[in-house]
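First to last, the protein sequences are chains A and B. Take 337 as the starting number for the first sequence in the working numbering and just add one per residue. Take 168 as the starting number for the second sequence in the working numbering and just add one per residue. No residue lacks a Cβ here, since even glycine has one placed at the ideal position from N, Cα and C. Here's the structure, in structure tokens; my notes come after.
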Amino acid sequence: MITQILSNFGVTWPHFIAQTLLFLIALYVLSRYAYAPILNILEERRKRIEEGQLNAEKIKKQLAEAELRYQEVLRKANDDAQILVEESRKNNEAFSQREMDRAVKESAAIVDRARAEIASERVRMVDEVKREMVSLVIKTTASVAGKVLTQDDQKRLTEEAQKSLAA
Amino acid sequence: MVLTLPILASAALSAETPAVFENSFLAWLTNSIFVTAIVVGVIVWIVRSCTRKLELIPGAGQNFLEAVVEGAYGAAESILGDKMTRKAFPLLATLFIFILMSNWFGLLPGVGSIGWGVKEGFLSLKEMEVPLLRATTADLNMTFALAAVSMILWFYWTMRVTGPVGFIKELFGVKGGMSGPILLFLVPLFLFIGLLEVVSILVRPISLSFRLYGNISAGENMMGTMINIGNMFHCPHWLTAVLSVIVPIPFYFLELLVGFLQAMIFTVLVVVYLQLSTTHEEH
């Protein structure tokens, strides 16, 4: 009965074997040239993606570390700059103070010198005025008295004039 | 009913050898074997053209093939697990691709409508006797071949995973970890269940092959009926021509779907058979 059924549907060994062989050829070709290489390349791509993700993580970590180092360097540079500015400010203040002191001293010395010069000039002028006055007194006395004054007279008149000028 | 008789009569149950080859060494070359050879040739050509230069950054052809392979592999892996999928994937994917292409090839214009028969005018037949091309999955030899290859490999892989003793235990053994006097009742019961299981395994090649063959043959018959619907109702010649073009269009879409579904069903059933007999060993 089974043979009869199979015969009705045209199932024969040669046809069955031919169809089986053709299917096995398709199976071999697809396995050899499609599935194996494609699965390999998919696996390779998966590995590449994994490596890429790992590298990206590593780079991200390195970037974060670099950012931290950058922040640290920046903070240190800021501190150093602050110290330099502070030192510079202090130096500047000290320099200014020194210069001011020096200027004050110099000006004080100038004033002192000027005062001394003024004083000596005054003394010199007073002396000169006194000498002029003594000379004038002697000349005037000689004119008024109508005589030539002796050395003693001149000396006495000079001393008297000097006394009265000093008073 | 009378009207449909010529149509049914024209749709042969089996593949046929053209009369010109009948008494030659090519007598084995039926119209469906010829189509199988074409389908295999097309598959080989597509695969070689897509995989001739595989690159990490794929072109359009490689990308398409990768999508098919990756999708099929993922689907099989979700049912069979990684270990079994590595072994069975080539068979499963080839079954799906081959059956799908064979089913859809049968829908091409000219398949079943060009051939030898009773002449009626120039390049025209009154009745088709032997078509030049016949859908290969509408030949029971082909569907039997597919089922036989699938079941032989299923048996081989099952034996590799479970071993003969494990396989027999799996068929006839008492499940559920029962022990004690209750086994006196359970052992005969499970022996009977095992016998039913053996019968179901033996029937699998028949059910697989006849399901595919029946669906595709029925589809071919239906398409033939739709194309000849004008003749069935004795319509005028011009109306018959118009109807033969318009009426089959929705059925083409139906047959495209049936072709895909039958490829899917055949493959999924083989996957399920493998899963039933092998995957519990992986846990």
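Our contact map puts T325(B) next to T445(B) with C-beta atoms below 8 Å; I'd like the distance itself, whole angstroms only.
Residue 325(B) sits at position 158 when you count from the first residue of the second sequence. Residue 445(B) sits at position 278 when you count from the first residue of the second sequence. Yes, T325(B) and T445(B) are in contact; Cβ-Cβ is about 6 Å, under 8 Å.
Integer Cβ distance of V473(A) from A497(A), believed to fall under 8 Å:
Indexing the first sequence from 1 puts residue 473(A) at position 137. Indexing the first sequence from 1 puts residue 497(A) at position 161. About 4 Å separates the two Cβ atoms, so the contact holds.
Chain A within 8 Å of A156(B), Cβ atoms only
Nothing in the structure corresponds to residue 156(B), since chain B is present only between 168 and 450.
Given this structure, state the Cα-to-Cα distance separating L485(A) from V462(A), to the nearest angstrom.
Translated into positions along the first sequence, residue 485(A) becomes position 149. Translated into positions along the first sequence, residue 462(A) becomes position 126. Distance between the alpha carbons of L485(A) and V462(A) is about 25 Å.
What residues in the segment 378-399 of chain A bring their beta carbon closer than 9 Å to a beta carbon of chain B?
L378, E380, R381 and R384
With C-beta atoms as the reference, is T303(B) less than 8 Å away from T203(B)?
Taking the first residue of the second sequence as position 1, residue 303(B) is located at position 136. Taking the first residue of the second sequence as position 1, residue 203(B) is located at position 36. A contact, by the Cβ cut-off of 8 Å.
When the Cβ atoms of the segment 284-292 of chain B are set against those of the segment 404-418 of chain B, are three or more pairs found closer than 8 Å?
no
My understanding is that P372(B) touches M431(B), with C-beta atoms under 8 Å, so please give their C-beta distance in whole angstroms.
Position 205 of the second sequence, counting from 1, holds the residue named residue 372(B). Position 264 of the second sequence, counting from 1, holds the residue named residue 431(B). About 19 Å; that fails the 8 Å criterion.
What residues from chain A crowd round M309(B), counting only those whose CB sits closer than 8 Å?
As a first step, residue 309(B) must be located in the second sequence, where it is residue number 142. Within chain A, the residues near M309(B) are Q355 and F359.
Using a Cβ cut-off of 8 Å (strictly closer), state whether S177(B) contacts chain A.
Start at 1 with the first residue of the second sequence, and residue 177(B) comes out as number 10. With a pLDDT of only 44 at S177(B), under 50, the local geometry of the prediction cannot be trusted, and the value read off the model is given with reservation. No, its Cβ sits nowhere closer than 8 Å to a Cβ of chain A.
What three-state label does DSSP hand K475(A) in the structure shown?
For the purposes of this step, residue 475(A) is identified with residue 139 of the first sequence, where counting begins at 1. DSSP places K475(A) in helix when its eight states are reduced to three.
For F377(B) and I353(A), I'd like the C-alpha separation in whole angstroms.
Within the second sequence, the letter at position 210 stands for residue 377(B). Within the first sequence, the letter at position 17 stands for residue 353(A). Cα-Cα distance, rounded: 18 Å.
What is the residue span of the beta strand (DSSP E) that V285(B) lies within?
The count along the second sequence starts at 1 and reaches residue 285(B) at position 118. V285(B) -> beta strand (DSSP E) spans G282 to K286.
Collapsed DSSP secondary structure at V278(B) in the structure displayed:
Translated into positions along the second sequence, residue 278(B) becomes position 111. For V278(B), the secondary structure class from DSSP, reduced to helix, strand or coil, is coil.
Is it buried or exposed for A417(A), if we count other Cβ within 10 angstroms and need 16 for buried?
Here residue 417(A) refers to the residue found at position 81 of the first sequence. A417(A) is exposed by the Cβ-count criterion.
Does the beta carbon of I210(B) come closer than 8 Å to any beta carbon on chain A?
The residue you call residue 210(B) lines up with position 43 of the second sequence. So, interface residue.
Which residues mark the beginning and the end of the alpha helix (DSSP H) in which E233(B) is found?
Residue 233(B) sits at position 66 when you count from the first residue of the second sequence. Note, E233(B): alpha helix (DSSP H), A227 to L247.
Interface positions of the segment 415-448 of chain B facing chain A (Cβ-Cβ less than 7 Å), listed along the chain:
none
Can you tell me whether R215(B) is helix, strand or coil according to DSSP?
Taking the second sequence and counting its residues from 1, one reaches residue 215(B) at position 48. Helix.
Check whether the Cβ of A413(A) lies closer than 8 Å to any Cβ atom in chain B.
Walking along the first sequence from the start, residue 413(A) turns up at place 77. Interface flag for A413(A) against chain B is unset, since no Cβ pair is found closer than 8 Å.
Have a look at F359(B), R215(B), W195(B) and L193(B) and flag the residue whose alpha-carbon is nearest the alpha-carbon of A362(A).
Numbered from 1 along the first sequence, position 26 holds the residue referred to as residue 362(A). Its Cα nearest to that of A362(A), the residue R215(B) stands out among F359(B), R215(B), W195(B) and L193(B).
Could you say which of V370(B), F311(B), G279(B) and F359(B) lies nearest to G386(B) if we only look at CA atoms?
The residue labelled residue 386(B) in the question sits at position 219 within the second sequence. Ranking V370(B), F311(B), G279(B) and F359(B) by Cα distance to G386(B) puts G279(B) first.
Say whether chain A places a C-beta atom closer than 8 Å to the C-beta of E237(B).
Position 70 of the second sequence, counted from the first residue, corresponds to residue 237(B). Yes, E237(B) counts as interfacial toward chain A.
Mind checking if Y371(A) is an interface residue toward chain B, Cβ cutoff 8 Å exclusive?
Translated into the one-based positions of the first sequence, residue 371(A) becomes position 35. Any Cβ of chain B closer than 8 Å to the Cβ of Y371(A) would place that residue at the interface, and such an atom is present.
According to the neighbour-count rule (16 or more other Cβ atoms, all chains shown, within 10 Å of its Cβ), is L313(B) buried or exposed?
On the second sequence, position 146 is the one that residue 313(B) refers to. Buried: at least 16 other Cβ atoms inside 10 Å.
With F418(B) and L300(B) assumed to form a contact (beta carbons below 8 Å), what rounded beta-carbon distance in angstroms separates them?
Here residue 418(B) is taken as the residue at index 251 of the second sequence, counted from 1. Here residue 300(B) is taken as the residue at index 133 of the second sequence, counted from 1. In fact, because the Cβ distance is near 19 Å, the residues do not count as touching under 8 Å.
Counting contacts by CB-CB distance shorter than 8 Å, is F256(B) in contact with chain A?
For the purposes of this step, residue 256(B) is taken as residue 89 along the second sequence, with counting starting at 1. Yes, contact with chain A.
Would you call the segment 369-386 of chain A and the segment 220-239 of chain B touching, i.e. three or more CB-CB distances under 8 Å?
yes
Between which residues of its own chain and V414(B) is the CB-CB distance below 7 Å, once the five residues before and five after are set aside?
For the purposes of this step, residue 414(B) is taken as residue 247 along the second sequence, with counting starting at 1. These residues qualify, in order along the chain: M393 and I396.
Under 8 Å between C-beta atoms of V366(B) and L338(B):
Position 199 of the second sequence, counting from 1, holds the residue named residue 366(B). Position 171 of the second sequence, counting from 1, holds the residue named residue 338(B). By the CB criterion at 8 Å, V366(B) and L338(B) fall outside the cutoff.
Could you please give the first and the last residue of the uninterrupted alpha helix (DSSP H) stretch that includes S367(B)?
The residue you call residue 367(B) lines up with position 200 of the second sequence. Taken as a continuous stretch (DSSP letters only), the alpha helix (DSSP H) holding S367(B) covers L350 to I394.
From I266(B) to F352(B), what does the alpha carbon distance come to, in whole angstroms?
Here residue 266(B) corresponds to residue number 99 of the second sequence, with the count starting at 1. Here residue 352(B) corresponds to residue number 185 of the second sequence, with the count starting at 1. The straight-line gap from Cα to Cα measures roughly 46 Å.
Less than 8 Å between CB atoms is the rule here; does V409(A) satisfy it with respect to chain B?
Counted from its first residue, the first sequence places residue 409(A) at position 73. Put simply, the CB of V409(A) is far from chain B, with every gap to its CB atoms at 8 Å or more.
Does V347(A) get closer than 8 Å to chain B when you measure Cβ to Cβ?
In the first sequence, counting from the first residue as 1, residue 347(A) sits at position 11. Yes, V347(A) lies at the interface with chain B (some Cβ there is under 8 Å from its Cβ).
Mind reading off the beta-carbon distance from V347(A) to N308(B)? Whole number of angstroms is fine, and I expect it under 8 Å.
Position 11 of the first sequence, counted from the start, is the residue given in the question as residue 347(A). Position 141 of the second sequence, counted from the start, is the residue given in the question as residue 308(B). Right, their Cβ atoms sit about 6 Å apart.
Less than 7 Å between C-beta atoms, sequence neighbours within five positions excluded: which residues of the same chain meet that for I383(B)?
On the second sequence, residue 383(B) is found 216 positions in, with the first residue counted as 1. Only N270, G273, A302, T304, A305 and Q429 meet the Cβ criterion.
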